[in-house]
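If you want the numbering used here, it's the position in the sequence shown, counting the first as 1, plus 12.
Virtual Cβ for every residue (Gly too), placed ideally from N, Cα, C.
Report on one structure; see the data block that follows.
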Amino acid sequence: ISTYGGIFLYNFLIVEKDKRFLKDTFGTYISPELIDQMFDAKEEPSLGGEEGLHTAFFTDIQSFSGFSEKLTAGDLVELLNDYLTEMTDILLDNKGTLDKYIGDAIVAFYGAPAPVNNHEYWACLTAVKMQERLAELREKWQAEGDRWPEIVHHMQNRIGINTGKMVTGNMGSAMRMNYTMMGDTVNLAARLEASAKQYGVYIQVAEETYKACKDKFIWRDLDYVIVMGKTEPAQVFELVAEAGNMPNGYDKLIPAYDEAIKLYRNQEWEKAIEAFKSSDSLEDMFPGRKTNPSRIYIPRCEHYRDNPPGDKWDGSWALTKK
Numbered sequence: 013i014s015t016y017g018g019i020f021l022y023n024f025l026i027v028e029k030d031k032r033f034l035k036d037t038f039g040t041y042i043s044p045e046l047i048d049q050m051f052d053a054k055e056e057p058s059l060g061g062e063e064g065l066h067t068a069f070f071t072d073i074q075s076f077s078g079f080s081e082k083l084t085a086g087d088l089v090e091l092l093n094d095y096l097t098e099m100t101d102i103l104l105d106n107k108g109t110l111d112k113y114i115g116d117a118i119v120a121f122y123g124a125p126a127p128v129n130n131h132e133y134w135a136c137l138t139a140v141k142m143q144e145r146l147a148e149l150r151e152k153w154q155a156e157g158d159r160w161p162e163i164v165h166h167m168q169n170r171i172g173i174n175t176g177k178m179v180t181g182n183m184g185s186a187m188r189m190n191y192t193m194m195g196d197t198v199n200l201a202a203r204l205e206a207s208a209k210q211y212g213v214y215i216q217v218a219e220e221t222y223k224a225c226k227d228k229f230i231w232r233d234l235d236y237v238i239v240m241g242k243t244e245p246a247q248v249f250e251l252v253a254e255a256g257n258m259p260n261g262y263d264k265l266i267p268a269y270d271e272a273i274k275l276y277r278n279q280e281w282e283k284a285i286e287a288f289k290s291s292d293s294l295e296d297m298f299p300g301r302k303t304n305p306s307r308i309y310i311p312r313c314e315h316y317r318d319n320p321p322g323d324k325w326d327g328s329w330a331l332t333k334k
């Protein structure tokens, strides 16, 4: 009996040691549920990088530099910690892996180190839930009155999402490593987060992510664009909301906008200008929003009207800034 007891105790200690290793390695990156999944599947983290099909996720606060001008250092840290805690909880609750914080920015990915089925969906759901939670935080901060300046009451964040091949793994130096991601897929996701401000949208998603979960959400066909640092165009979409949860006014806005986009891609510039003006009148210009997708197309149509792109035009537009 003592022999069996010793074997049981030994096996128990080995199991607990393995679990503790996974928690020590990934406990601050992923949820406990994903750690248990890795353990049950006997998936040990490997040193170096592994290539796989995953989804990259970038988000940061719009015009965050303006916050530091309005807040004391202590208040800024308190606000940022509150915000990052809320957003990170949503990320981890929806199967995401936290890569790093860069100031107010959150960098994350889905599908590694533990496999995640439908990782594209979970990334998009995270984005929607973050927007919903931020709306609740704005209400809370507004209810606190003079505790926070007006810029806090209107805080918005932008999100960029892209799916594709990338390398994930423990990278860094012999002294310090970080479980992270790299590759063109990652770079495009970062560009989508940054360029979302040019359209006045808050969640910009690339085509591969969109195709994987297009029936689960409400979308707007945003553009066929060449972002800074790239040579090939990418089709991009605005993620509006979960399916069945159409925001007020979007039932009229999206059809009007879609008709304008159709005219634009058919090079019917004058008709497209008038159509975009009509859809612009339906856009919600809430505090802090400086433009919208309908509005940015009007000068673009005027440009093409005066400088026709020709019959070989593929519908793409090259961004000249990040």
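Supposed close pair residue i, residue j - CB separation, criterion 8 Å
i, j, result
"G176", "L65", "7 Å"
"A68", "T197", "6 Å"
"R312", "E282", "Contact doesn't hold; Cβ gap of about 13 Å is too wide."
"I173", "A201", "6 Å"
"Q74", "G300", "7 Å"
"F121", "M193", "5 Å"
Three-state secondary structure (DSSP) of residue i
i, result
"A124", "coil"
"D270", "helix"
"G78", "helix"
"T71", "strand"
"L110", "strand"
"G64", "strand"
"W329", "strand"
"G17", "Legend: pLDDT at G17 = 45, less than 50; position of this residue unreliable, value from coordinates given subsequently. Helix at G17."
"D323", "coil"
Proximity of residue i and residue j at Cβ, strictly below 9 Å
i, j, result
"E306", "Y262", "One detail in the question is off: residue 306 reads as Ser in this sequence, not Glu. Not a contact, by the Cβ cut-off of 9 Å."
"I266", "V248", "no"
"K223", "Y133", "no"
"N304", "G241", "no"
"V119", "F79", "no"
"K333", "Q210", "yes"
"G61", "T180", "yes"
"Y191", "P125", "yes"
"I238", "E254", "no"
"I171", "A208", "yes"
"D94", "L149", "yes"
"S328", "Y236", "yes"
"T138", "G115", "no"
"K141", "N106", "yes"
"R232", "E250", "yes"
"M178", "E271", "no"
"Y113", "L91", "no"
Continuous alpha helix (DSSP H) stretch holding residue i: start and end
i, result
"F368", "Within the shown structure, residues of the chain are numbered from 13 to 334, placing residue 368 beyond reach of any answer."
"G86", "85-105"
"V198", "196-211"
"Y222", "219-225"
Opening and closing residue of the beta strand (DSSP E) in which residue i lies
i, result
"L234", "229-238"
query: For the region 253-320, which segments carrying the alpha helix (DSSP H) assignment without a break, of at least 4 residues, lie completely within its bounds, in sequence order?
result: 262-277, 281-292, 305-318
Quick one: complete alpha helix (DSSP H) runs, 4+ long, within the region 114-194? Runs of the alpha helix (DSSP H) lying entirely within the region 114-194 and spanning at least 4 residues, in chain order: 131-155, 162-165.
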